[in-house]
Structure formats: C-alpha cells, structure tokens
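Here the working numbering = 1-based position in the sequence shown + 39. Glycine included, each C-beta is placed from N, C-alpha and C at the ideal position. Since we're looking at a predicted model, the values are computed, not measured. Presented below is the structure to which this report refers.
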Amino acid sequence: MPERAPERSASGGAALPGGAKRDPILVADGLRRAFSGIRAVDVDHLEIARGAVTAIIGPNGAGKTTLFNLLSGFDRPDAGTWSLDGKRLNGLPAHRISRLGMVRTFQLTRVLARLTVLENVAVAAPGQSGERLDRALLRRRWRDQERQVRARARTLLQRFGIDHMADQPADALSGGQRKLLEMARALMTQPRLIMFDEPTAGVNPALTQSLLGHVRKLQAEGLTIVFIEHDMDVVMGISDWVVVMAQGRILAEGPPADIVAHAGVIEAYLGRAHGLEKGGATESEASRD
Ligand SMILES: Nc1ncnc2c1ncn2[C@@H]1O[C@H](COP(=O)(O)OP(=O)(O)OP(=O)(O)O)[C@@H](O)[C@H]1O
Ligand SMILES: [Mg+2]
40 MPERAPERSA SGGAALPGGA KRDPILVADG LRRAFSGIRA VDVDHLEIAR
90 GAVTAIIGPN GAGKTTLFNL LSGFDRPDAG TWSLDGKRLN GLPAHRISRL
140 GMVRTFQLTR VLARLTVLEN VAVAAPGQSG ERLDRALLRR RWRDQERQVR
190 ARARTLLQRF GIDHMADQPA DALSGGQRKL LEMARALMTQ PRLIMFDEPT
240 AGVNPALTQS LLGHVRKLQA EGLTIVFIEH DMDVVMGISD WVVVMAQGRI
290 LAEGPPADIV AHAGVIEAYL GRAHGLEKGG ATESEASRD
C-alpha cells in the first residue's frame, strides 16, 4: 500500500495553495492557459499525493476541466511544466501520457456510439487514441493481441457490472453506465493515476454509491485518484484531500473537513449561486443525460 495521507498544513486548517506533499506523484508548476485573454488555468504550484483521493472543487468555469485537459495532454498550456513520478510530461500527446500511467475520463462521456460496449473498452488498449480509430484500424490493431485485449476488456466490464451490455452498441447505455464504461476504458492502460471529471454528475444515487465504491477499491489497489466534483457529500465521503479552484487559480487546499470549515471558502465558493451544491450537476451535464 502506498502512503495515503497528504501532509496537513502547519496550521492544521485549510492549507495554503501549492503546499508540499510527503510523496507527490504529480507535480505541476506555473501552469497557465488563457482563452481570448481570460485565464482559464493559472496554477503556480500543485502537488498530488500518491495513493490519495484528491477532489478538485470550484464553481462552474473555475478551470477544473481545463486543468485536466492540460495535465492529460488533451490541450497545451501557454506556460508551465508538470511531471509524473519525475518524468516530464510537457508537450507529450495524450496517448503517450496515458501510456506513462496517467489517464482521465471526460465530463461529457465520449463513447463511440457505433462500436459495441466491449469494443469501446478494447480500443483504449494500450493508448487512449480510440477517438481516431475506425473499425478497420481497430481490427488491424487487434490482429496479434485481440484475444488478450478482449479478455481484459471483458474482465473490466464485469468489474463495473456492465458486462451484460458487452455486445450492445455503446449508445444503448444510460448516462450512468457510460460513466462506468469510461472508468473501464481508463483502466485498460493500467494507470498509476486516474483523473475523473465529474464521475457522479447526472448519475442516480444508487449508481453514485456504486461509483464511489469503485473509486475506493481503486485506491485500495494503490491507484492515485484525482476527481472533479460538485456534490459536496461525495467530496466529503471519499476524498482525503480537497483542492479549491476559482478563476483558474487554486484558492485553498486541505483535508475535506478543514476545507468545509474554512468560512471564506464556503461563503465565496461553495454557495448555491456558484453552482456547488448537494447533488448539483452542471448545466451541460444535466442536459446531456
Ligand atoms: N476550448 C475553449 N475555448 C474557449 N474557452 C474555453 C475553452 N475551454 C474552457 N474555456 C473557458 O475556460 C474557463 C474554464 O472552463 P472549464 O471548463 O475548465 O471550467 P470548469 O471548472 O471545468 O467548469 P464546470 O464546473 O462548469 O465544468 C471558462 O471560462 C470556459 O468558458
Ligand atoms: Mg468542467
């Protein structure tokens, strides 16, 4: 088992942003990304503790998804460096980053509707370039290793309880099942660190509990998990550490109880008006599912 608990702040309360962790797996410095002059991400320093479940919270438009896009190689920063276990990731495309052990899921699930559920998982091996693969390329890729890939994909579908849908077209899945499919896909690369973008948004309460169980199990298996979440019950329920973002910056970080007790954070950033509330899905997600 890896070390779990990140360092607490010296004060014992919500830590200052950018604090050092005992054993960081991911370290980012000076990460910036602007769109039309608006700084979507403006992070001076961020460390993610190995083996921890870290929640990233913040109002709509805070830059949470953009941060994931940058870290996972789906978008390029204007400036900044970041590394996974000391390996610099700057400039690497997403499939290389996923091969190095860091994968992410998407806020709006990306299933290949015309492939089956099983094929959707299988295309994630070994990289995450499935979006660009058509069926013919997929078959070529599978020529040598099809059986192993399929077996592994099927095992993952069983793990997430959607193996009965394996041969259905992926668009037959419900919104919640798509979230499970995304998790299964992410695991095809046998990552060390997984980033989930709003895994519970638009998902019914029973499936949310099941998703949380999966996250806990992944952590117990030694994975590091970073997830973006609006539902504070979920955040309090499974995270070891919480990072608060607003306007691209990290405002505060600390253990969940300390973050919730941090009056300024609650008033300014966890209020209903800012889109963070119990059971709150983003507008885009709500309309999607
Ligand atoms: N591709 C893009 N082009 C232009 N602006 C963008 C793009 N992606 C994000 N932005 C802007 O960057 C800012 C941060 O967006 P981002 O999606 O990262 O926020 P978020 O914290 O994930 O929000 P939400 O909770 O609603 O998902 C917003 O102002 C958004 O409009
Ligand atoms: Mg987002």
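#1: With distances taken Cα to Cα, identify the nearest neighbour of Thr-148 among Leu-123, Phe-266, Met-222, Leu-70.
#2: Going by CA-CA distance only, name the one from Ala-296, Asp-236, Asp-279 that's closest to Ala-88.
#3: According to DSSP, simplified to helix, strand and coil, what is Ile-277?
#4: Buried or exposed for Glu-185, going by 16 or more other Cβ atoms inside 10 Å?
#5: Go ahead and label Lys-256 buried or exposed: buried means 16 or more other beta carbons lie within 10 angstroms of its beta carbon, across all protein chains shown.
#6: Just mark Ala-59 as buried or exposed, buried being the case when its beta carbon has 16 or more other beta carbons within 10 Å.
#7: What is the residue span of the alpha helix (DSSP H) that Val-188 lies within?
#8: According to the neighbour-count rule (16 or more other Cβ atoms, all chains shown, within 10 Å of its Cβ), is Gly-169 buried or exposed?
#9: Going by beta-carbon coordinates alone, are Arg-78 and Pro-116 separated by less than 8 Å?
#10: Quick one: grab the DSSP three-state call for Thr-236.
#11: Do you know offhand how far Phe-153's Cα is from Gly-57's?
#12: Between the Cα of Gly-119 and the Cα atoms of Lys-103, Arg-135, Pro-294, Leu-85, which residue gives the shortest distance?
#13: At a threshold of 7 Å, does Asp-236 count as lining ligand 2 (C-beta to nearest heavy atom)?
#14: With a Cβ-Cβ cutoff of 8 Å, do Ile-64 and Leu-128 count as a contact?
#15: Tell me the DSSP secondary structure of Pro-98 in three-state form.
#16: Between the alpha carbons of Ala-133 and Ser-111, how many angstroms are there, rounded?
#17: Just to confirm the assignment, what range does the alpha helix (DSSP H) spanning Thr-104 have?
#18: Can you tell me which of the three DSSP states Ser-249 falls into?
#19: For the beta strand (DSSP E) containing Asp-83, name the first residue and the last one.
#20: Am I right that Gly-215 and Val-254 are in contact with their C-beta atoms under 8 Å? What's the rounded C-beta distance?
#21: Measuring CA to CA, which of Trp-121, Val-142, Ala-101, Arg-135 is closest to Arg-231?
#22: Mind listing, in chain order, the continuous alpha helix (DSSP H) runs of no fewer than 4 residues lying wholly within the segment 108 to 171?
#23: Under the rule that 16 or more other beta-carbon atoms within 10 Å means buried, what is Gly-287, buried or exposed?
#24: Quick one: is Ala-300 buried, meaning 16 or more other Cβ sit within 10 Å of its Cβ, or exposed?
#25: When we look at the beta-carbon of Arg-61 and count the other beta-carbons within 10 Å, is it buried (16 or more) or exposed?
#26: Among Asp-68, Ile-96, Gly-69, which residue has its Cα nearest to the Cα of Met-275?
#27: For Gly-166 and Ala-225, I'd like the C-alpha separation in whole angstroms.
#28: Would you mind working out which of Val-188, Leu-106, Leu-177 sits nearest Thr-228, comparing C-alpha positions?
To lay it out plainly:
#1: Met-222
#2: Asp-279
#3: helix
#4: exposed
#5: exposed
#6: exposed
#7: 185 to 198
#8: Below a pLDDT of 50, predicted positions are generally treated as unreliable, and Gly-169, at 46, falls in that range; the measurement from the model is reported next regardless. Looking at its Cβ environment, which holds 16 or more other Cβ atoms inside 10 Å, Gly-169 is buried.
#9: no
#10: It is Asp, not Thr, that sits at residue 236 in the sequence shown. It is a strand residue.
#11: What sits at residue 153 in the sequence shown is Arg, not Phe. Distance between the alpha carbons of Arg-153 and Gly-57: 43 Å.
#12: Leu-85
#13: yes
#14: no
#15: coil
#16: 6 Å
#17: 103 to 110
#18: helix
#19: 77 to 88
#20: Contact flag wrong, Cβ pair sits at about 14 Å.
#21: Val-142
#22: 133 to 138, 156 to 161
#23: buried
#24: exposed
#25: exposed
#26: Ile-96
#27: At Gly-166 the pLDDT is 43, less than 50, meaning the model places this residue with poor confidence; the figure from the coordinates comes in the next sentence. Each residue's alpha carbon lies about 9 Å from the other.
#28: Val-188
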